[in-house]
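If you're matching them up, the sequences are chains A and B in order. Numbers given in this note's numbering equal positions in the first sequence, counted from 1, plus 428. Going by this note's numbering, the residue at position 203 of the second sequence is 183; the numbering climbs one at a time, nothing skipped. Virtual Cβ for every residue (Gly too), placed ideally from N, Cα, C. Structure record follows, encoded as structure tokens.
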Amino acid sequence: MTAQGGARDIVLEARGLVKRFGAFEAVRGVDFAIARGECFGFLGPNGAGKTSTMRMISAVSRPTEGSLTIFGLDPRTHGPAIRGRIGVVPQDDSLELELSVRLNIEIYGRYFDLPRRVLRERADELLEFARLTERANSKVDDLSGGMKRRLTIARALVNRPDLLILDEPTTGLDPQARHLLWERLYRLKREGVTLIITTHYMDEAEQLCDRLVVMDNGTIVAEGAPRELIERHSSREVIELRFGTDTPEQIRVALATHAERVEVLPDRVLLYVEDGDVALRAVHGSGLTPVSSLVRRSSLEDVFLRLTGRTLVD
Amino acid sequence: MATRVLPAFGSRRSIHIFERNFYAYRSQWLMFVSGFFEPLFYLLSIGIGLNHLVGPQLVGGRLVSYATFVAPGMLATSAMNGAVIDSIFNPFFRLKISHTYDAVLSTPLDVTDVALGEVWWALSRAALYAASFIVCMVLLGDTTSWWVVLCWPGALLASLAFTCVGLAGCTYVRSWQDFDVVTLVQLPLFLFSGTFFPITLYPRWLGAIVSVSPLYQAAALLRGLATGQFDALMILRAGYLVALGLAGLWLAARRFRAILAP
Ligand SMILES: Nc1ncnc2c1ncn2[C@@H]1O[C@H](COP(=O)(O)OP(=O)(O)OP(=O)(O)O)[C@@H](O)[C@H]1O
Ligand SMILES: [Mg+2]
């Protein structure tokens, strides 16, 4: 739980963190502090700097500027000790394709100096969790994309980490595997494991994260609990209206009187309102006749798109 | 820290890279066997074949048969060729094609451990090959002295130099096409480093250039050890190989960091 105030047990703290690749600044001075047992999310469009940040806080790539402490230690001087307590699910699986599923876990575990006997047991348990027991002796190259992803996640747990860093863990997973991972993450969280996750699935972020930040262009543009962010950056409800043809400008003007904000998209119009039903009645009352209409609660996706824009930047 | 062997050159954890390679190559025993035969073929063809055509050669102050002269040179060459496979070809694949090291670096291992671990692996293979090569030298009667056993650590020094320099070199390889450049370096090194004729046959200036070649230094060192003719110069030669090794390893780790954790 995220107890507020000074009593929080801080696992990771970043101040003015910068990452430059040559002249290009991928992360431009970000600040955040993550408490023990918290699930902390990083959202942001492609190229926002999430992976660059993940690689710094997993004590792999060195910050160009700023300060970073993990478990109260400086990664520049205590890299091995820090990494020994972290589990990492990288965005690219980077598995040993030529080796068996089981060996992938066991060899990885050896990097943490774990005894072979312990690793055999843990491999059994993790294969079970990843539902790969039957494929234990298959070459990884022969697995499907989602199976590889599951193996990567299982591998990250081999050292029983105190901090688990997951870069888009559920990309490519089927719904069953996604829910299985969520359950496992909840369980780990209950055991006091700190989770840091990036995802492009807003429902996932809303489900899992106690707190999250939205990154754009290397900076943090918003921070808070999912519900807080929705309250702060969007209305309570959204009405989606479709008009048969293109939405003429006069409809937009007419709608503006009924909503806090109107957004006209090629295929539909979004009205951001406090009370959807009331507003929808008012729309009908003013003589507008949409082909279809839908009232829903505001979601994190609305916030995300509002903060980072709808256009593809790169 | 107790876990550090030589802080700048990696830690005890580097042994896990050796372990990883051991598992990865467990099923590829054919490759190991071919590694034994290649130097043996050299020994047989050049040693036996040319021995009848080429007269005795001077090593130190003593005349020895051509086979005795050429065998240490072949041993040094086989150290070089082994290093090309184990420190350029295979690590290039792991570094840039299969991205094996990316995952390794999110564990307690550091880039220095990765580089050092590859050196352990290459050296242990080199140790096996060198031992079998020396046994063949003895069996074929190419030796004049039991000092030849010192060729084993001597060959390892050569492998150390070639492996570490090769490992640094492999980080500059961009694609498989670049291996033509590797061959372009390897071949003249082999042909001009006095491995199968003495460099005293060269004009003085060319001899000076060749003396920079690690293959020449390795061959000269091994020749002295094989025939039991020691001189102070051999300490310099050994020192040169060790220095090349340390410099190569240091550069390799730096380059690994630049590529893997920029
Ligand atoms: N090694 C590198 N060298 C140069 N530029 C890099 C390097 N790594 C990342 N970048 C650049 O930094 C920026 C941020 O990349 P990053 O991978 O952190 O984004 P991301 O938020 O993880 O995106 P995605 O959602 O697509 O995974 C991008 O413009 C990328 O091209
Ligand atoms: Mg990313």
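Which term fits A:MET429, buried or exposed, when burial requires 16 or more other beta carbons within 10 angstroms of its beta carbon?
Its pLDDT being 42, under 50, A:MET429 is placed unreliably in this model, and the coordinates cannot settle the point.
Skipping 5 residues on each side, what residues in its chain have a beta carbon closer than 7 angstroms to that of B:VAL34?
Here the set comprises TYR46.
Run down chain B in chain order and give the residues with a C-beta less than 9 angstroms from the C-beta of A:PHE449.
Chain B residues near A:PHE449: PRO242.
Closer than 8 angstroms at the beta carbon, the chain C residues around B:ASP82
Going by chain labels, chain C is absent from the structure shown, which instead holds the protein chains A and B.
Using three-state DSSP, classify A:GLY433 as helix, strand or coil.
Low local confidence applies: a pLDDT of 45 at A:GLY433 is under 50, so the model's placement there is unreliable, with the coordinate-based value given in what follows. In the structure shown, A:GLY433 falls within a coil segment according to DSSP collapsed to helix, strand and coil.
Please tell me whether B:GLY(-10) and B:THR57 are closer than 9 angstroms, where the distance is taken between their beta carbons.
Contact flag unset, no.
What number of angstroms, rounded off, separates the C-alpha of B:ALA106 from the C-alpha of A:ILE593?
Looking at the two C-alpha atoms, the distance is approximately 40 angstroms.
Quick test of the definition: if touching needs 3 or more C-beta pairs under 8 angstroms, does the region 594 to 606 of chain A touch the region 627 to 634 of chain A?
Touching, per the Cβ criterion.
Where the beta strand (DSSP E) containing A:LEU699 begins and where it ends:
Counting along the chain, the beta strand (DSSP E) containing A:LEU699 begins and ends at 697 to 701.
For the beta strand (DSSP E) containing A:CYS637, list its first residue and its last residue.
Unbroken run through A:CYS637: none, as it is neither H nor E.
Classify B:TYR152 as buried or exposed, calling it buried when 16 or more other Cβ atoms lie within 10 Å of its own Cβ.
The residue is exposed, with fewer than 16 neighbouring Cβ atoms inside 10 Å.
Residue-level contact to chain B via CB, A:ASP541, 9 angstroms cutoff:
Closer than 9 angstroms: yes.
Contact set for B:CYS116: own chain, Cβ-Cβ below 7 angstroms, skip 5 residues either direction
Taken in chain order, the residues that qualify are LEU20, LEU23.
Is A:GLN519 near ligand 2, in the sense that its beta carbon is under 8 angstroms from a heavy atom of that ligand?
Indeed, a heavy atom of ligand 2 lies less than 8 angstroms from the Cβ.
Against chain B, does A:LEU592 count as a neighbour if the rule is that its beta carbon must be under 9 angstroms from one of theirs?
Output row for A:LEU592: interface = no.
Using a Cβ cut-off of 9 angstroms (strictly closer), state whether B:LEU(-14) contacts chain A.
Below a pLDDT of 50, predicted positions are generally treated as unreliable, and B:LEU(-14), at 49, falls in that range; no measurement from the model is reported.
Pairwise C-alpha distance: A:GLY494 and A:ARG612
It is roughly 33 angstroms from the alpha-carbon of A:ARG612 to the alpha-carbon of A:GLY494.
Determine whether the Cβ of A:GLU526 lies closer than 9 angstroms to any Cβ atom of chain B.
Closer than 9 angstroms: yes.
Mapping the DSSP letters down to three states, classify A:THR622 as helix, strand or coil.
Strand at A:THR622.
Determine the chain A residues that contact B:THR175 at a beta-carbon separation under 7 angstroms, and present them in chain order.
Per Cβ cutoff of 7 angstroms: no residues; B:THR175 is ~35 angstroms from chain A at best.
Which word fits B:PHE236, buried or exposed, when buried means at least 16 other C-beta atoms lie within 10 angstroms of its C-beta?
B:PHE236 is buried by the Cβ-count criterion.
Counting only beta-carbon separations shorter than 9 angstroms, does A:ARG545 have a partner in chain B?
So, not an interface residue.
When the distance is taken between beta carbons, is A:GLU466 closer than 9 angstroms to A:LEU623?
Contact flag set, yes.
Based on Cα-Cα distance, which residue from A:ALA633, A:PHE452, A:VAL706 lies nearest to A:ILE667?
Sorting A:ALA633, A:PHE452, A:VAL706 by C-alpha distance to the C-alpha of A:ILE667 places A:VAL706 at the top.
Can you say whether B:ALA(-18) is buried or exposed, counting buried as having 16 or more other CB atoms within 10 angstroms of its CB?
For B:ALA(-18), the pLDDT reaches just 41, beneath the cut-off of 50, and the residue's location in the model is therefore unreliable, although a value from the coordinates is still provided. Answer is exposed; the Cβ neighbour count stays below 16.
Three-way DSSP call (helix, strand, coil) for A:GLU668 in this model:
Looking at A:GLU668 - three-state DSSP - the assignment turns out to be strand.
Short of 7 angstroms in beta carbon distance, which residues of its chain neighbour B:LEU10, apart from the five on each side in sequence? Order them along the chain.
There are no such residues.
6 angstroms CB neighbourhood of B:GLY53 in its chain, flanking five on each side removed:
Within the same chain, B:GLY53 has close Cβ partners THR175, PHE176, ALA199.
Consult DSSP for B:SER(-9) and reduce its assignment to one of helix, strand or coil.
In this structure, B:SER(-9) counts as strand in the three-state DSSP scheme.
Contact criterion: CB-CB distance below 9 angstroms. Does B:SER86 meet it with respect to chain A?
With 9 angstroms as the cut-off, B:SER86 counts as an interface residue toward chain A.
From A:ARG696 to A:ILE679, what distance separates their C-alpha atoms?
Rounded to the nearest angstrom, the gap between the Cα atoms of A:ARG696 and A:ILE679 is 12 angstroms.
Which same chain residues end up closer than 7 angstroms to A:VAL731 when comparing Cβ atoms and leaving out the 5 residues on each side of it in sequence?
These residues qualify, in order along the chain: LEU657, ILE658, HIS661, SER662.
May I ask which residues mark the beginning and end of the beta strand (DSSP E) holding A:GLN381?
Look at the range of chain A in this structure, 429 to 742, and you will see that residue 381 of chain A is not part of it.
If you follow the alpha helix (DSSP H) that B:ILE26 is part of, which residue opens it and which one closes it?
Boundaries cannot be given for B:ILE26, as no alpha helix (DSSP H) includes it and DSSP labels it neither H nor E.
Is DSSP giving B:SER139 helix, strand or coil here?
Under the three-state reduction of DSSP, B:SER139 is assigned to helix.
With DSSP as the reference, please indicate the residues paired to A:VAL458 in a beta bridge.
Bridge partners of A:VAL458: A:LEU445.
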